[in-house]
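Heads up: the protein sequence lines correspond to chains A and B, in order. Start counting the first sequence at 92; every next residue gets the next number (our numbering). Start counting the second sequence at 436; every next residue gets the next number (our numbering). Scroll down for the structure; my scribbles are underneath it.
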Amino acid sequence: MDAVTYPDERVIHFLQEKFIPVRLAYDHPEFSKKFNVTWTPALFILDNEGVIHHGEVGFLSPEEIIPFGLLGLAKIAFDQGHYDQALCYFDNILEHHSQSVAVPEAIYLRAVCLFKKTNDASVLKKAYEELSTRFPENEWTKRAYPYRLL
Amino acid sequence: MVKKIKWLNSLEEGLKEAQQAEKAIFLDFFNPG
């Protein structure tokens, strides 16, 4: 991460603009146990009360760390009921990071967000159709499988 | 343009700044070894 991802200017700009970046040693006496850290890098997105909303273990490239962060911001907004804000973050991932591994989860959660906002179940079925077409073997396609019946 | 990420090494400090700035926290556990 220090050699490739964190020196990238896009990453520096994104992390400084959107987050307060905090770095702790993997064996931090208090927080490594609290966050169940057993391997590094272990990356988490927290809201400003310290609640975890998103996390990953392992190297993320400059191309993946930005959609990872956007997905975390979307999940914070979604979990707090700010659906319009969450939709902006999901749309950002889908429009500007279309090759990211975060895309299937973003498609799934975007549809859930739209459903919660509108109560229109057809958005869930459309999400399943898109996922099954573009990512037939992805775990988020399998999670959306029941929506084919809506 | 900032040339390096300005990391905080305290989650407590990070949370204080995050509340003041109304931002989220990006938390990285790393191996300094």
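Glycine is no exception: its CB is placed at the ideal position from the N, C-alpha and C atoms.
Review point. What is the DSSP secondary structure of Phe105(A), counted as helix, strand or coil?
Key: In the first sequence, counting from the first residue as 1, residue 105(A) sits at position 14. Here Phe105(A) sits in helix by DSSP.
Exercise for review: Could you tell me if Val128(A) is buried or exposed, where buried requires 16 or more neighbouring beta carbons within 10 angstroms of its beta carbon?
Suggested key: Translated into the one-based positions of the first sequence, residue 128(A) becomes position 37. Buried, by the Cβ-count rule.
Check your understanding: Counting only beta-carbon atoms, is Ile136(A) nearer than 9 angstroms to chain B?
Key -> Taking the first residue of the first sequence as 1, we reach residue 136(A) at position 45. Yes, because at least one Cβ of chain B sits closer than 9 angstroms to the Cβ of Ile136(A).
Check your understanding: Of all Cβ atoms in chain B, is any one closer than 9 angstroms to the Cβ of Lys113(A)?
Key -> The residue given as residue 113(A) occupies position 22 in the first sequence. Strictly speaking, residue 113(A) in this sequence is Val, with Lys absent from that position. Yes, Val113(A) lies at the interface with chain B (some Cβ there is under 9 angstroms from its Cβ).
Point to revise | Nearest to Gln176(A) (by Cα), restricted to the options Leu241(A), Gly141(A), Arg201(A) | key: Counting from one through the first sequence, the residue named residue 176(A) turns up at place 85. Here the closest residue by C-alpha is Arg201(A).
Point to revise | Nearest residue (CA-CA) to Asp138(A), options Ser123(A), Phe150(A), Thr224(A), Gln171(A) | key: Looking up residue 138(A) in the first sequence gives position 47. Closest option to Asp138(A), Cα to Cα, is Gln171(A).
Review point. Can Phe159(A) and Ile136(A) be called in contact, C-beta distance under 9 angstroms?
Key: Walking along the first sequence from the start, residue 159(A) turns up at place 68. Walking along the first sequence from the start, residue 136(A) turns up at place 45. Cβ distance < 9 angstroms, so Phe159(A) and Ile136(A) count as in contact.
**Study point:** Cutoff 7 angstroms; reference Gly163(A); Cβ partners in own chain excluding five residues on either side
**Key:** Locating residue 163(A) in the first sequence gives position 72, where the first residue counts as 1. Correct list, in chain order: Ile136, His144, His145.
Practice item. Spatial neighbours of Leu441(B) within its chain, please: CB distance less than 6 angstroms, with the 5 preceding and 5 following residues excluded, ordered by chain position. Key: Mapped onto the second sequence, residue 441(B) falls at position 6. In the sequence as displayed, the identity of residue 441(B) is Lys instead of Leu. So no residue of the chain qualifies.
Exercise for review: Ignore the nearest five residues each way along the sequence and tell me which others in Arg234(A)'s own chain have a CB closer than 7 angstroms to its CB.
Suggested key: Position 143 of the first sequence, counted from the start, is the residue given in the question as residue 234(A). Contacts found: Tyr199.
Practice item. Taking Leu241(A) and Ser213(A) to be in contact with their CB atoms under 8 angstroms, please state how far apart those CB atoms are, rounded to whole angstroms. Key: Working through the first sequence from its first residue, we reach residue 241(A) at position 150. Working through the first sequence from its first residue, we reach residue 213(A) at position 122. Yes, they are in contact, since the Cβ atoms of Leu241(A) and Ser213(A) sit about 7 angstroms apart, within 8 angstroms.
Check your understanding: Are the beta-carbon atoms belonging to Phe461(B) and Phe110(A) less than 9 angstroms from one another?
Key -> Taking the first residue of the second sequence as 1, we reach residue 461(B) at position 26. Taking the first residue of the first sequence as 1, we reach residue 110(A) at position 19. Yes, the pair counts as a contact, with Cβ atoms nearer than the cut-off.
Review point. In terms of residues, what are the limits of the alpha helix (DSSP H) holding Arg225(A)?
Key: Working through the first sequence from its first residue, we reach residue 225(A) at position 134. Run containing Arg225(A): 213-225, per the alpha helix (DSSP H) assignment.
Check your understanding: Since Tyr238(A) contacts Leu215(A) with CB under 8 angstroms, what's their CB separation in whole angstroms?
Key -> In the first sequence, the residue the question calls residue 238(A) occupies position 147. In the first sequence, the residue the question calls residue 215(A) occupies position 124. Confirmed, about 4 angstroms.
**Study point:** Thr232(A) versus Leu115(A): straight-line alpha-carbon distance, rounded
**Key:** As a first step, residue 232(A) must be located in the first sequence, where it is residue number 141. As a first step, residue 115(A) must be located in the first sequence, where it is residue number 24. If you take the alpha carbons of Thr232(A) and Leu115(A), they lie about 35 angstroms apart.
Exercise for review: Could you give the DSSP three-state label for Val113(A): helix, strand or coil?
Suggested key: Numbered from its first residue, the first sequence carries residue 113(A) at position 22. Here Val113(A) sits in strand by DSSP.
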